[in-house]
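Below you'll find the structure, written out as structure tokens, and then a few comments.
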Amino acid sequence: MHSSAKGQTKTSQQEVVSKEWKLEPEHEFRFEVDFGTTVNLKLISGTAEIFGTEIGIGHEYEFSGRKIALFTWHGCTIEIKGTCSVEYVANETPMTSYLNMHIALEQCREAAKSKDEQGPKVMIVGPEDVGKTSLSKLLLSYAIRHGRQPLFINLDSNEGSITMPGTLTATPINHIIDVEEGFGSSATTAPSFSSSFMPMVFYYGYPDPSENVKLYKVLTKKLADNVSRRLVEDEVARVSGIVIDTGGLVDSTGYEIIQHCVDIFNVNIIIVLGHERLYSDMARLYKERNDVNVVKLSKSGGVVNRDNAFRRQAQMRKIREYFYGLPKFELSPCSTLINLNDISIYRVGVGSLAPSSALPIGIDRKVSETQLVKVEPDDTLLHSILAISTANNSDEQSLLVSTVIGFIYVSHVDISKQKMTILSPSPGRLPKQYLIMGSYKWMES
Amino acid sequence: MANSEIDLESVRQDYLASLQDLTFNSKPIITNLTIIAQENINAARAIVQAIEEQIRTCPPQHKLPVLYLLDSISKNVGGTYIMLFSRNLYQTFMDTYNSVEQATKSKLERVLATWKSGPTGNPVYSSEVTGPIEKTLSKQQMRYQSRGSIDGGRTHIHINPNFLSGINSNSLTSYQQAQQLQQVQQVQQVQQVQQVQQVQQVQQAQQPIQQTSNVWVDAARYNSGTSAFPASAPTRQGFYNTTQFANKPIIQQNQVFVPPPEQQRLLQECQALILQRQQYALRNPSDLQNQSQIVNLQQLSEVLQKASLTVDQIQQVRQLFASFNQMINPATVQAQGQSIISPSFPNLTQSLGPPISITGSLISQPHPGSIPVRSPVQQPPSSIPRPQPPHSLLADPNALVKNLIDFGLLTNTSTNLGNVGYTGRNNTPTPPPSNSVSTEPPLSTVKSVMGLEKIQLTSNDIQRKHEGVVAVIYDALPRQCKQCGFRYSGDDEGKAKMDAHLDWHFRQNRRMKEKSKKAQSRSWFVSDEDWIHSRESDTKNSATPAFFDFDSGTTKNITGGNNTNIQTNRRDELFNESTVIVPLDPEKASKPCPICQEKFQCFWNDTDEEWLFRNAVEVDGVIYHATCHADALKNQENAKLAEIENTSSPPVLGKRKASPEHISDMPKRPALIS
Ligand SMILES: Nc1ncnc2c1ncn2[C@@H]1O[C@H](COP(=O)(O)OP(=O)(O)OP(=O)(O)O)[C@@H](O)[C@H]1O
Ligand SMILES: [Mg+2]
Ligand SMILES: [Zn+2]
Ligand SMILES: [Zn+2]
């Protein structure tokens, strides 16, 4: 925002490489910025968009630990300050088909509006690293240009687009998606420049749906029910429709989950991205259903394979961001000592990651996938991320399918004193007593 | 000239150009100009100069809105701006005050009153600054009463006898002449303004879009600190044309008085002297002689701007200045004034260059000493009908011509304004061939999605190229926010949304500033029941961040006793809309909220034309924060409930302050941050 000032201080401290790139119409500038370095980008002239969000002329945008594509429909000149690990201009992109997809959706929305029907419900499927999340962003960003407010549903628990990894979320997209933040994040007490979103959050707790398929289905079902209830009331969202992002689902569990989600959300457009076999399988599966369209789109040549190290770093950053915010707007979480008997920690089923010490004596590993298991606090809690449930009691009906209001991080456990030190996003006592443990751990660096 | 000076100068000119739009009390424009001021705080000096110049030179009926802008910047940005405005505030305020009719005078008095107790309850301007104004006002009011309302409230330039005693009697007649001359000119100007306004109305009807777009393109330039537009950028024909002003300022040249260059320099000198004196006055507020000298100089400055002096008179004024200069203790000025006294005056005087005469030829040619900018040579083929100039320049011939004269940078000015509506698919890096103009589809041919051919949801149809799809997400949305790049349609709805959006930026920027020192934290997520039922209102669409309130409405999922720290932002937003008119009684107006002891935030509401306290309710003559009051009520209820149910659940409000272990480095009222 105060771009010019920022730029000046930097140049005075050290010589920052500044390069100008001229892009022809319908070209794409792809660049990667490593974690730990920052790159500033400025649009000098023309128009440019990043995953569907148009950027303003003359503003400096800052990126760190990101892989980004800046596309121009009309041609543009940009200035890049800092060092990218990869930077090049590409002239072949699938953007025309992506925009066509948007126009087709927009035509569905107009039709839905005039007939007071449900707008398009899109689900994007494909293997890992084909640009599913990027396409979701693009379709959402284009939709809000027309004043739409679609719901974004993230079923990729590994990704944590809006908030912590391990979550399944539904979020009304009612304003511009922040290009610097990647997706934007949930609300804070601060009026950050890029405003925040209001997600409904379920905690699944594992990166992969196959880890506990039953739980995954139960939670997605509850999520879908809530979404339907909102769509009944919320006319703008109803017309705008929903966009569902998924993780890489190409194995048999993946197919099972895709069909489950198509059913529970009443998906009517399945976009298969960058996977011929998946496309033909889906086309065959839904051949008889004329209320379901299966459309294939090609993967962008720019989409990068992210290795495990990058993914882990991205996850750690997302967790950190939950508590501490981003450099451009920092948050102050609160370190608090709590009594262990004020809280009850549960985990669901017996995932492979469950520490055996967490199991109550006499209960073996064959517990049902959706059974709640109370976790007796001990050292294994250390470094865990725990979700705070909205539930008021621990019976399966409420605790299992409740949304969460936030997360804490366990930074110290003192069994002898029956206390633990936690990092909480907000000051004050914990608002709720039931906590859910998943497989996520974090080291505060 | 050093780079930064060019920058400052171009900021000043850009800002001045934007100020031409502020001809009525327009909240969006004021908001916008305040944001620009905030974002270009490095160029505060230039912006302050531009505002002062505008107030000095614009027609009386335009002065109040500019003063509101000054007020808005002072209250919302503050800091350096306070310091810079302080220097000339007396003159700026009095100049406005003296040139407006009685109803406006009382509005100004109210503004002045709020300066004594600002948004935080602290004075916006110190009493050293507001004191002299008040003194003069009360003197004038007495004089006004004794004289009767012969002139309908408009005071003529008052020649202070002290001042005359300092020079010989010849000059007395000359000033009287000047005064008469000036009165004649005022009449001429009024007539002229009326004509201009008529033209303006016609043009507004023809080109409704221009007015709002102006400002934001400029904002983009300001933000980057340099011109965002390459010299070769093609212009968008039929929309906003770069060269459209090339022939227009001529209309006014015979009708407005323009001081000759010699006099210009005197004027500069005079203003520099005023600055120094005011500087001195800040440190020596009790020096009455100095204050009367300021008044004298200010009057002289006005005369210099409005009437031609003879060679003799000029000579006299020179001598006068020389003696003034001697009186100033150079040590004081240098030691303390360095950071405050603007070094730009000498520069500015130099940059005036050789005397400039106003002729038609000057207007079409860039002044040799001017900053090289896009030259009018790149005019489109003359067969294309020349678009009407936006009204903004016509609105104030005075200021425009003065611009030309003062800075000899006409081309620069016209470039700024020419960029003004740059919104659509322009700036392609490779300039299209000469017939490019016609390749630009007129707005009317941009189809809506339904006007396009239907795209089938099949893999084949999606892959195919379709005509007009890009225009749907660009050209159909010509209003672009230059802060974030977001676009809105060109119709009324788009305008309303854009206004709301700009407002939102403004609030965000201000809140960022207010909150930047306090610790912030992540809010808790909403419960599913609340998520299902919560909505954002349409005008806030793509504008207001989603906040959430656990306490309101559907709290059935969260009824435990522990919901103290859950953020209640949305409720607070609602309470923020609860306002109370700032009491006229300054003592009452400065009282804090009896519950939390914090001062009220006040803001100007231009629909009501009132100063209001935000987040306030008046109960039995006492003003509380709406949130504090509601919490207190709830607190009482909870306490009662707790008694009845015999539970140990503590009251809500009390707990916020009653958990000291966590409060240490947290905001004072965590739940009340919106
Ligand atoms: N056109 C592009 N040019 C450069 N980088 C891109 C492009 N499209 C996407 N990327 C980047 O490639 C990475 C993978 O893209 P994305 O996250 O959209 O894939 P995905 O299919 O959602 O992956 P996953 O299955 O892991 O969720 C991201 O870091 C993204 O920013
Ligand atoms: Mg993804
Ligand atoms: Zn904006
Ligand atoms: Zn209060």
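From first to last, the protein sequence lines stand for chains A and B.
Heads up: the first sequence begins at 1 in UniProt numbering, then just goes up one per residue.
Heads up: the second sequence begins at 1 in UniProt numbering, then just goes up one per residue.
We put the beta carbon where it would ideally sit given N, CA and C, even for glycine.
Quick caveat: nothing in here was measured; it's all calculated off a predicted structure.
| Asked | Found |
| --- | --- |
| For residue 535/B, go through chain A and note every residue whose CB falls closer than 7 angstroms to its CB, in chain order. | 234 |
| Let's see if you can read the secondary structure: which residues bound the alpha helix (DSSP H) around residue 115/B? | 102-116 |
| Under a CB-based cut-off of 8 angstroms, is residue 520/B close to chain A? | yes |
| Out of 113/A, 126/A, 172/A, which has the shortest C-alpha to C-alpha gap to residue 141/A? | 172/A |
| Would you tell me roughly how many angstroms separate the C-alpha atoms of residue 162/B and residue 30/B, rounded to the nearest one? | A caution first: residue 162/B carries a pLDDT of 35, below 50, which makes its placement in the model unreliable, though a value can still be read off. Going by the C-alpha atoms only, they are around 39 angstroms apart. |
| At a CB-CB cut-off below 7 angstroms, which residues of chain A make contact with residue 455/B? | 100, 103, 104, 107 |
| Between the alpha carbons of residue 458/B and residue 29/A, how many angstroms are there, rounded? | 29 angstroms |
| Considering only the beta carbon of each residue, do residue 524/B and residue 431/A sit closer than 8 angstroms? | yes |
| Are residue 127/A and residue 318/A close, meaning C-beta to C-beta below 8 angstroms? | no |
| Is any non-hydrogen atom of ligand 1 found closer than 7 angstroms to the C-beta of residue 132/A, if you look at the structure I gave you? | yes |
| Mind checking if residue 193/A is an interface residue toward chain B, Cβ cutoff 8 angstroms exclusive? | Its pLDDT being 41, under 50, residue 193/A is placed unreliably in this model, and the coordinates cannot settle the point. |
| Can you look up residue 158/A in the DSSP assignment and give me helix, strand or coil? | coil |
| Let's see if you can read the secondary structure: which residues bound the alpha helix (DSSP H) around residue 431/A? | Here residue 431/A belongs to no alpha helix (DSSP H), and DSSP marks it neither H nor E. |
| Would you identify the three-state DSSP class for residue 252/A, choosing helix, strand or coil? | helix |
| What are the start and end residues of the beta strand (DSSP E) that includes residue 494/A? | Not covered by the structure: residue 494/A. The range shown for chain A is 1 to 445. |
| For residue 628/B, I'd like the list of residues in its chain whose CB is within less than 6 angstroms of its CB, leaving aside the five on either flank, ordered along the chain. | 593, 595, 596 |
| Looking at the C-beta of residue 459/B, does it have a partner C-beta in chain A at a distance below 8 angstroms? | yes |
| By Cβ distance below 7 angstroms, which residues in the same chain neighbour residue 73/A in space, the five residues on each side in sequence not counted? | 25, 26, 47 |
| Buried or exposed: where does residue 288/B fall if 16 or more other Cβ atoms within 10 Å of its Cβ makes it buried? | exposed |
| Any idea what DSSP makes of residue 393/A, helix, strand or coil? | coil |
| Between 522/B, 115/B, 103/B, which has its C-alpha nearest residue 332/A's C-alpha? | 522/B |
| What residues in the stretch 140-152 of chain A bring their beta carbon closer than 7 angstroms to a beta carbon of chain B? | 142, 144, 145, 147, 149 |
| Under a three-way DSSP split, which group does residue 625/B fall into? | strand |
| Buried or exposed: residue 636/B, going by 16 or more other Cβ atoms within 10 Å of its Cβ? | exposed |
| Could you work out which residues of chain A lie near residue 466/B, taking near to mean beta carbons separated by less than 9 angstroms? | 96, 99, 100, 103 |
| Is residue 611/B helix, strand or coil by DSSP? | strand |
| Per DSSP, residue 125/A forms a beta bridge with which residues? | 272/A |
| For residue 448/A, I'd like the list of residues in its chain whose CB is within less than 6 angstroms of its CB, leaving aside the five on either flank, ordered along the chain. | Beyond the ends of chain A as shown, which are 1 and 445, falls residue 448/A; an answer cannot be given. |
| Please check if any C-beta of chain A sits within less than 8 angstroms of the C-beta of residue 555/B. | No answer about residue 555/B holds up, because its pLDDT of 28 lies below 50 and its placement is not dependable. |
| Does the contact criterion of 3 or more C-beta pairs under 8 angstroms hold for the stretch 308-322 of chain A versus the stretch 481-493 of chain B? | no |
| Would you mind giving the Cβ-Cβ distance between residue 33/A and residue 65/A, rounded to the nearest angstrom? I have them listed as a contact below 8 angstroms. | 6 angstroms |
| Taking C-alpha atoms, which residue in 395/A, 219/A, 213/A lies nearest to residue 373/A? | 395/A |
| Less than 8 angstroms between the beta carbons of residue 120/A and residue 269/A, yes or no? | yes |
| Check whether chain B comes within 8 angstroms of residue 5/A, counting only Cβ atoms and requiring the distance to be less than that. | Only weak support is given to the placement of residue 5/A: the predicted model assigns it a pLDDT of 38, under 50, and the question is left unresolved by the model. |
| Have a look at 466/B, 497/B, 464/B, 468/B and flag the residue whose alpha-carbon is nearest the alpha-carbon of residue 480/B. | 497/B |
| Hey, is residue 175/A close to ligand 3, as in C-beta under 7 angstroms from one of its heavy atoms? | no |
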